[in-house]
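Before any comments, here is the structure.
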Amino acid sequence: MNVLLDHFAEFREGFIGTVWLTVASSVLALILGVVLAGFRVSPVPPLRFFGAAWVTLFRNTPLTLLFLTIWFAVPQVFDFGFDPWTKALIVLSVYTSSFVCEAVRSGINTVPLGQAEAARSLGMTFFQTLGTIVLPQAVRTVLPPLSSIFIALTKNSAIAGAFSVTELFGWQKVLSDQGFAIAWLFLWVALGYLVITFTISGLFRLLERSLEVAR
Amino acid sequence: MSSSVLYDAPGPKARMRNRIYSVIGTVAIIGLITFVIMRLADRGHFASEVWNTFNYANVRIAIRDGIFTTLKVFALAGALSLVLGALLAVARASDHRAIRWLATGFIELFRAIPLLITIYALWVLFLTYKSDLGFVGENNGFWALVIGLAVYNGAVQAEVLRAGFNAVPRGQVEAAYALGLRKSQVMTMLLLPQAVRSMLPTIISQLVVTLKDTSLGYIITYAELLYAARQLANTTLVNGQYIYVPVIMVVGTIYVAMCMALSGLATWVEKRGRRAKTGIAVAAAAEPAEAPGALDPSDPKGPTAEAEQAAAKADEPPGKSG
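Heads up: the sequence lines are chains A and B, in that order. Under my numbering, the first sequence has 79 at position 79, and the numbering climbs by one with no breaks. Whatever position you read off the second sequence (first residue = 1), add 1000 for my numbering.
What follows is the structure, given as structure tokens:
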């Protein structure tokens, strides 16, 4: 019980670390995922192939392996070094973007055919159709899966803690190495994650309600 | 295909433009790949001496043992998670409020906590209270990993099965009760088999997640494939550098192959289920999301609604739904 009060600063730092990492990689993953989904429905075969390869590769690779890759293999290719936080950000957003891409793509499939046809008959280009007609509607349908994806991202960010990035799990590790009772640590850290995940699902429910349209 | 919706069949001008984009895209992608390969080759990661290490028996044995350990953890954790998932799903549908609440609480708690933290906490717990718990030998890591994976994935599988229960038409349950079947009979003869059948693709997708998550054993220094690979790379010095790059390439390929084989099974099962004309709905496979995926119980539009739609679609000719 006292662990929380005595080490409040550490817990706060860890909590903020987790929130910050989650928010930053969510935004990046969303952008990347939407671009990739755009690739996957584009009329240009190499881009479609690139999108498909990206999704297949990153959805079937364990996240821990990706962490190892950016820690040990990527520096062999690019000279400029990243700090651990940026590395974690890149790994988490690349990994999550493949899930976002799949969600958005299935969302695109739910947009009624007539919408795109109407847009085309008005003379819109591919980008105009996608950007102004199809994607805004697709985003609405994929909000529930997106919320699950970002909740998963929050939980995955714990792996970054094992790779010496300051966040909640990292602090749990440090404190439990110092011999604090694991049960209390576990509970407090779990509570921290619960707060974040409930916030995410609440936010998404609000978004869903405000974006709801009659079809 | 959605792609054809978004653009017209290209005319001569658009075809030309697409061809130009294709060339640029191909060049860009090949350029990127070439750049990566060149850089790696520059650093000597493709030297024959480096790759020769894979010819040594002990290296091969290390990788083989890693694969076996990973598969062992996966088999046990997967089986346990299925059993636990079924139990939790049944408990959640119980008529007794206390049981229902306990099951719901268990599911919600362990789905919300990062799996890594569950595993780590179990590991520390086992290490700390080793003698009290009657553990002998060095299998703390194994059990922490297996139990952690089973608990987390069991909670997720329970939610999947719940969606499956909801997809069974209400009338069937009423009919079963009207015929005089007991509650347990309705569950075992009617609900569970149909739920498992309709949710099989999703269940397998979640097993893929379980397989991927065995790699968390790396963090609690349990010697599964990833940890074995790291040890291997860390201790083998060839041409003055550790062989991280080749080892990551090999191990990554192994992981991707294993996961794709399992995903392939899910797709096959889904296709097979769609072909069957039993009238049992096959819910669309959810994303094998790292976590609940599309299976958030808190959202009413989740798999339940999806499964219901699929159930509604079931009496349509199979070709139409999709």
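Beta carbons are placed, not taken as given, at the ideal position from N, Cα and C, and that holds for glycine.
Contact residues of the segment 1004 to 1023 of chain B toward chain A are V1005, L1006, Y1007, D1008, P1010, N1018, Y1021, S1022 (C-beta to C-beta distance below 7 Å). Using beta-carbon distances, K1212(B) counts as an interface residue toward chain A, with a partner under 7 Å. Considering only beta carbons, the part of the segment 1249 to 1261 of chain B lying closer than 9 Å to chain A consists of M1249, V1251, G1252, Y1255, V1256, A1257, M1258, C1259, M1260, in chain order. Taking 7 Å as the upper bound on Cβ-Cβ separation, chain B lies near residues I108, N109, L113, A116 of the segment 106 to 118 of chain A. The beta carbon of P46(A) sits closer than 7 Å to some beta carbon of chain B. Per the Cβ contact rule, the segment 1084 to 1095 of chain B is not in contact with the segment 1230 to 1243 of chain B (fewer than 3 Cβ pairs under 8 Å). Fewer than three Cβ pairs drawn from the segment 10 to 20 of chain A and the segment 109 to 117 of chain A lie within less than 8 Å of each other, which leaves the two stretches out of contact. Contact of T1104(B) with chain A by beta-carbon distance below 8 Å is absent, the smallest such distance being about 15 Å. Assigned with DSSP and collapsed to three states, V1238(B) falls in strand.
Membership of T132(A) in any alpha helix (DSSP H) is not indicated, and neither H nor E is assigned to it by DSSP. For Q178(A), the three-state secondary structure derived from DSSP is coil. Taken in chain order, the complete alpha helix (DSSP H) segments of 4 or more residues contained in the segment 1106 to 1152 of chain B are 1115 to 1128. The beta carbon of V19(A) sits closer than 7 Å to those of I196, all from its chain and outside the five residues before and after it, given in chain order. Using a CB distance cut-off of 7 Å, V19(A) does not count as an interface residue toward chain B.
Taking 7 Å as the cut-off, the beta carbon of P1246(B) is found closer than this to the beta carbon of W1051(B). A Cβ-Cβ separation of about 6 Å places S164(A) in contact with P84(A) under the 8 Å criterion.
Here the segment 1174 to 1181 of chain B does not lie against the segment 1107 to 1125 of chain B, with fewer than 3 beta-carbon pairs under 8 Å apart. It is roughly 44 Å from the alpha-carbon of S1263(B) to the alpha-carbon of H7(A). Per DSSP, the continuous alpha helix (DSSP H) segment holding T1202(B) begins and ends at 1192 to 1213.
I1220(B) sits away from T69(A), with the two beta carbons spaced by 7 Å or more.
Residue environment for Y1056(B): exposed (fewer than 16 other C-beta atoms within 10 angstroms of its C-beta).
Within 7 Å of the CB of V189(A), the CB atoms of chain B belong to I1117, in sequence order along the chain. When the beta-carbon positions are compared, L1191(B) and F1165(B) come within less than 7 Å of each other. Taking a cut-off of 8 Å on C-beta distances, the segment 72 to 90 of chain A does not touch the segment 130 to 141 of chain A, as fewer than three cross pairs fall below it.
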